[in-house]
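Those sequence lines, one after another, are chains A and B.
Just so we're aligned, residue 1 is where the first sequence starts under the UniProt record's numbering, counting upward by one.
Just so we're aligned, residue 1 is where the second sequence starts under the UniProt record's numbering, counting upward by one.
Using N, Cα and C, we set each Cβ at its ideal position, and we do this for glycine too.
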Amino acid sequence: MANLRDHMGRSIVAVTGIGVVTSLGVGKTDNWAALTSGRSGIHPITRFPVDHLNTRISGMVDFLPSSSKGASLLTYELAETAAQEAVAESGLDADDFGGPLFLASPPVELDWSERFSLYNSDSQDIGSERLLRVARGLKVTDIFETTQFGSIADRLADRFGTRGLPITLSTACASGATAIQLGVEAIRRGECDRALSIGADGSATAEALIRFSLLSALSTHNDLPEKASKPFSKDRDGFVLAEGSGALVLESLEAALARGATILGIMRGCGEKADDFHRTRSKPDGSPAIAAVRAALADAGLSEDEIDYVNAHGTSTPENDKMEHLSLSTVFGERIGSMPISSNKSMIGHTLSAAGAVEAAFSLMTMRESVIPPTINYDNPDPAIVLDVVPNQKRNAEVGSVLSNSFGFGGQNTCLVMAREPV
Amino acid sequence: MSSPHDVVISGIGLVSSLGEGPDAHWQKLTQPGVRPVLEASRFAPYTVHPLPAIDWNLQIAKRGDQRQMETWQRLGTYSAGLALDDAGIKGDDGLCATMDMVVAAGGGERDEAVDAAILAASESRNDRDVLLNEKLTTELRPTLFLAQLSNLLAGNISIVHKVTGSSRTFMGEEGAGVAAVETAAARIRSGQSTHILVGGAFQTEHSDMLLGYELAGYLHRGAWKPVWQRQGGEGGGVVTGSGGAFLVLEQREHAVKRGRKIYAELGAVVSGRARRPRGGLDNEIAALLKQAALPNGELLAISGASGAHAATAAEKSVLDANPAIAARAFSSLTGHMKEAQFPFAVALAALAADRKAAYPVFDAANEKPFSGIPRAVLATAIGYHQFEGVALVKAAD
């Protein structure tokens, strides 16, 4: 009989369903096959012209029906697709999920294609005056829905029959992890027996790419797209903008066992700490990220020695990888050089709002499959970052516990600790 | 009966067209027949309630920080600072470092001039996607992106006020504000947090913020009227306002130990998602009130009604059906503040409980007098388009 309460007397939270979509494909099977064979999903951009752009590659999801229909519709489809896989695996009712929804998704804006078509449907006035006049004459609300921050979650709530007011959240590149954390906390507080946590991001528009590019955040390694994302390498030059989604069905272990569900893993702990140093850079001593890792370990009731593997944030930007190394080496001490730490982003790029959820999904699979996906493109190690990044080739290994890091603009630091088995 | 783990409100930061701070709002809103501050020409045919004059330096000391933000983030950071000051937390490094934060946010301001230039050029270009790349790569200010990001309001609050326990941003119009308050209260009740900063801001004086409503025809046109009187008027009934509302929620024991003034206790916070296209929003609102377990007797209700025709009619029918409820729709005087709407309603409810007096009617034709001492006050936010929430705020003792 498994223990149903954790070290703090709270309900243990199990994972009973996992879904994922990335540029590598739809679903766990395809993604896992690609990840463990070290295949990259990064490719040249074809969704829009790349004239005048310094970065012309991405990890966009180009193979869904909504891939060319704008950020809001694609984000919805990504979320729905991943959630469908997760809920189906859990064996719960796919139309009547019966627990709350936590959705990490990108902030929405009116797409340029809509702006252009609204504007050019009329010729009176100029600029925003014309847009507003055209807007108030519209007879349908589908464009409006794409501009409402709550609409994607509202549709998902309809689709899956989740309970109550769905929460849409953004903690920048930590959003996916925050969605999971909110679900874990709701179950621990006894508000529900199950929760659906999704991270989805289909917002790789030209404007999004240009905005990140203007902040010098993106790799410009255009000639060999699959080599562009090279976390922890000396010649890393930025992240690769990408899309994707990850979904987890979270359940109290007690409820999951009671209905005979297969336990795919355990959400042991969550930790966070905000950084007050700068909008895009972390405090030079790494103290907020260090505090977030330590908070996650404490919440999980595990010591540093009990983490088998780190699923790194590992964005391939000069700043992140340096600071992540500093934080991890501070927490794990001498052990850091010998524990496996790999970055899924070397193959799928940075899926932004989805990243924390996508990488939690892969972390759980790493434990279940006893295979650690590699950090690819590790041809030119950064001598200042001495880590076992599981270079270029997958590794067979028993992994009982994982730390997954997510760090974002705005001082967001969120870490998750997952385990293969209940305590 | 109070308990050490109650959630109490120990700090309030408010900004609206009426002024800033709880005292200014109390004074204005308790003046019988107070007139709204309106700006009817800048965005004609729409009327908005504009921001008052604000000296940003009072809450955002560094000019460099101010420059990194546009008005929305400044307004939120400023309102948050007011709440922290009011709760005696601002500048207390220990309390700020352990303070959690839940911000309800939309997006920040786009560069209207760049957008207008691109739209103008699009009239004579067929290669609009190339035009977009050409203009955006050369004309966007790099840091503007950060001023637009939803979670960077919270990020700026961390930087300026040093609130760093945790930082979460909820999105989704009024529902984001409801969920933020609900989640924050649940964290305190369960012992996860001792003190939390929660709130939001909305800066309506920007065409994109109006467009966000008008793509579905939600804005009221023509002369200003109180929210309850906009049914059948030209347009959709919403008059927006710029403003911000932040609350410091605290575990009662924690606030008492610090010797802080407690405005009110935050009782039940109840949220919902009515499937509005199927009808029956009124039944859903009635169910929320039932869940909130309203006390017997006369009850003051601070309504966040937006004026949006369908949602406001549904809310009015439910409130009118209960003869004990005396509603006050504050948006008549402040305008609709989207993500900040629910925190604003809770703040006004807490003020009435604290001052042991009700607000006079804001609309004599539709609101009835309340003469007693409000021991409990209802706060509502029924989304103009989707999502609903109510809270019961109780006298501190």
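Buried or exposed for residue 430(B), please, with buried defined as at least 16 other CB atoms from any protein chain shown within 10 angstroms of its CB. Because chain B here runs from 1 to 397, residue 430(B) falls outside it and cannot be looked at.
So PRO142(B) contacts chain A; which residues on that side make the cut at Cβ distance below 7 Å? Per Cβ cutoff of 7 Å: LEU214, LEU215.
Do the stretch 100 to 118 of chain A and the stretch 153 to 167 of chain A touch if we need at least three Cβ pairs shorter than 8 Å? Three or more beta-carbon pairs separated by less than 8 Å link the stretch 100 to 118 of chain A to the stretch 153 to 167 of chain A, which places the two stretches in contact.
Measuring CA to CA, which of GLU80(A), GLU207(A), ASN120(A), LEU214(A) is closest to PRO142(B)? Comparing Cα-Cα distances from PRO142(B) to each of GLU80(A), GLU207(A), ASN120(A), LEU214(A), the minimum goes to LEU214(A).
Residues near PRO44(A) by beta carbon distance below 7 Å, same chain, minus five either side: Within the same chain, PRO44(A) has close Cβ partners ARG56, ILE57, PRO225.
Which residues in the same chain as LEU351(B) place their Cβ atom closer than 6 Å to its Cβ, once the five residues preceding and following it in sequence are excluded? The beta carbon of LEU351(B) is closer than 6 Å to those of PRO22, TRP26 in its chain, skipping five residues each way along the sequence.
Tell me which residue opens and which closes the beta strand (DSSP E) that ILE167(A) is part of. Start and end: 167 to 169.
Taking C-beta pairs closer than 8 Å, name the residues in chain B that LYS273(A) reaches, listed in chain order. Simply THR164, GLY165, SER166.
Give me the Cα-Cα distance between ALA345(B) and ILE143(A), rounded to the nearest whole angstrom. In a straight line, the C-alpha of ALA345(B) is about 30 Å away from that of ILE143(A).
Quick check on the DSSP output: what are the complete beta strand (DSSP E) runs of length 3 or more inside the stretch 5 to 72 of chain A, in order along the chain? The qualifying runs are 13 to 22.
Verify whether the separation of the beta carbon atoms of ALA242(A) and HIS350(A) is less than 8 Å. Yes. Within cutoff.
Provide the residue(s) that pair with PHE370(B) in DSSP beta bridges, ordered along the chain. Per DSSP, none; premise fails for PHE370(B).
Examine chain B for any beta-carbon lying closer than 8 Å to the beta-carbon of SER128(A), and answer yes or no. At least one chain B Cβ lies under 8 Å of SER128(A).
For GLU109(B) and ASP95(A), I'd like the C-alpha separation in whole angstroms. Computed Cα separation, rounded: 38 Å.
Output the distance between the C-alpha atoms of LYS322(A) and PHE212(A), rounded to the nearest integer angstrom. Here the alpha carbons of PHE212(A) and LYS322(A) stand approximately 19 Å from one another.
Beta carbon of LEU210(B) nearer than 8 Å to that of GLY235(B): No, they are not a contact pair.
For THR141(A), which three-state DSSP category applies? THR141(A): coil per DSSP, three-state reduction.
Flag LYS28(B) as yes when its Cβ comes closer than 7 Å to any non-hydrogen atom of the ligand FAD, and as no otherwise. Absence of the ligand FAD is noted for the structure shown, with no ligands found whatsoever.
Any chance you could list the alpha helix (DSSP H) runs of at least 4 consecutive residues sitting entirely within the stretch 305 to 343 of chain A, in chain order? For secondary structure counted as the alpha helix (DSSP H) over 4 or more consecutive residues, the stretch 305 to 343 of chain A holds these complete runs in sequence order: 318 to 332.
ASN413(A) in three-state terms, based on DSSP: In the structure shown, ASN413(A) sits in a strand (DSSP, three-state: E or B).
Are any of the Cβ atoms in chain A nearer than 8 Å to that of ASN133(B)? So, interface residue.
Residue span of the alpha helix (DSSP H) that contains residue 449(B), given as start and end: Chain B is shown only over 1 to 397; residue 449(B) falls outside these bounds and no answer can be derived.
As a quick exercise: from ASP86(B), TYR213(B), LEU378(B), pick the residue whose alpha carbon is nearest that of SER306(B). Nearest of ASP86(B), TYR213(B), LEU378(B) to SER306(B), Cα basis: TYR213(B).
8 Å contact criterion, which VAL423(A) and MET267(A) should meet: CB distance rounded: Contact flag wrong, Cβ pair sits at about 12 Å.
What does the alpha-carbon distance come out to for the pair ALA291(A) and SER207(B)? ALA291(A) and SER207(B) have their C-alpha atoms spaced approximately 41 Å apart.
For SER10(B), name the three-state secondary structure that DSSP assigns. Residue state, collapsed to three classes: strand.
Are ALA177(A) and GLY286(A) close, meaning C-beta to C-beta below 8 Å? Taking 8 Å as the Cβ cut-off, ALA177(A) and GLY286(A) do not qualify as a contacting pair.
For a cutoff of 8 Å on Cβ pairs, would you count ALA120(B) as touching chain A? Yes, ALA120(B) lies at the interface with chain A (some Cβ there is under 8 Å from its Cβ).
List in chain order: all unbroken beta strand (DSSP E) runs of 3+ residues lying wholly within the stretch 236 to 315 of chain B. The qualifying runs are 243 to 251, 264 to 272, 299 to 303.
Compute the distance between the beta-carbons of ALA83(A) and GLY19(A), then report whether it is under 8 Å. Taking 8 Å as the Cβ cut-off, ALA83(A) and GLY19(A) qualify as a contacting pair.
First and last residue of the alpha helix (DSSP H) that includes GLY200(B)? Unbroken run through GLY200(B) is the beta strand (DSSP E), 195 to 202; no alpha helix (DSSP H).
With C-beta atoms as the reference, is GLY172(B) less than 8 Å away from THR220(A)? Not a contact, by the Cβ cut-off of 8 Å.
Chain A contact residues for ASN151(B), given Cβ-Cβ distances below 7 Å: The contacting residues are SER170, THR171, ALA172, GLY410, GLN412.
Cβ-based contacts, 7 Å cut-off: residues of the stretch 374 to 388 of chain A near chain B: Close to chain B, meaning a Cβ-Cβ distance shorter than 7 Å, is no residue of the stretch 374 to 388 of chain A at all.
Alpha carbon to alpha carbon, what distance is there between GLY269(A) and ARG10(A)? So the two alpha carbons sit approximately 11 Å from each other.
What are the boundary residues of the alpha helix (DSSP H) that includes PHE149(A)? In the DSSP assignment, PHE149(A) falls outside any alpha helix (DSSP H) and carries neither an H nor an E.
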